[in-house]
Amino acid sequence: MSGRVEINCIVNEQRRTIHAYPMERLLDVLRTQLQLTGTKEGCGEGECGACTVIIDGRIVNSCLVPIAQVEGTSIKTIEGIAPSETQLHHVQQAFIEHGGAQCGICTPGMIVAAVDLLEKNPHPSEAEIRNGLAGNLCRCTGYMKIFESVVRACER
Ligand code: FES
Ligand code: FES
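Numbering (the numbering used here), first residue to last: 501 to 656.
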């Protein structure tokens, strides 16, 4: 369709070609075109972190990213966090074992942010964990369990 552009990028270590309008949100393209529905929409305004993904090693709110900006980048979503189809990431496992998820809307963003934090700082202090998750809001207010899950993940 006229006005659409071709975007080439890597998503979860696979080359993807996307045809979309330049200002379409990365969040929508992930969920509707690539069927990667693990990334959630909370506020849609860059405030809650539910839509967090990693682009070229930096966490971003995908609701604020026009698809034109991801040309040539490497994107990791919650679907790309686990090391294999049969093995969860230790942060995911910790969330299960320590009650880090309630309704689950914030959970993918929390986990992506926690994984990013631990990849950059494998032994964060409690303050660094709080700071690393500061951009992610939980409407169920399960912050203590989320925090405990990340602390436990650090111990693995
Ligand atoms: Fe993107 Fe809330 S949905 S920050
Ligand atoms: Fe419901 Fe966090 S578990 S918003």
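For each residue, glycine too, the CB sits at the ideal point set by N, CA and C. In this text, all values refer to a predicted model and were calculated from it rather than measured experimentally.
- The count of Cβ pairs closer than 8 Å, one atom from the segment 590 to 608 and one from the segment 562 to 569, stays below three, leaving the stretches out of contact.
- Counting the other CB atoms within 10 Å of its CB gives Arg-630 a total below 16, which places it among the exposed residues.
- Its chain contains Asn-508, Cys-509 as the residues whose beta carbon lies nearer than 8 Å to that of Gly-572, once the 5 sequence neighbours on both sides are disregarded; these appear in chain order.
- The beta carbons of Ile-575 and Val-615 sit about 14 Å from each other, so the pair does not count as a contact at 8 Å.
- Residue pairing from DSSP places Ile-555 in a beta bridge opposite Arg-558, Ile-575.
- Restricting attention to Ile-646, Ala-613, Gly-580, the CA atom closest to the CA of Gln-602 is found in Ile-646.
- Near ligand 2, residues with a Cβ at less than 5 Å from any of the ligand's heavy atoms are Gln-602, Cys-603, Ile-605, Cys-606, Cys-638, Arg-639, Cys-640; the list follows chain order.
- Note on Glu-524: 16 or more other CB atoms within 10 angstroms of its CB, so buried under the neighbour-count rule.
- With respect to the C-alpha of Lys-540, the residue from Glu-655, Val-505, Pro-608, Thr-517 having the closest C-alpha is Pro-608.
- The bridge partners DSSP lists for His-519 are Glu-506.
- In the three-state reduction of the DSSP assignment, Pro-608 falls in the helix class, which pools H, G and I.
- Within 6 Å of the C-beta of Glu-541 there is at least one heavy atom belonging to ligand 1.
- With a beta-carbon spacing of about 6 Å, Leu-637 and Gly-549 fall inside the 8 Å limit used to define contacts.
- Counting only residues of its own chain and dropping the five nearest sequence neighbours on each side, His-623 has a CB closer than 7 Å to the CB of Cys-654.
- Distances from the alpha-carbon of Thr-552 to those of Tyr-643, Leu-527, Thr-532, Glu-648 put Leu-527 closest.
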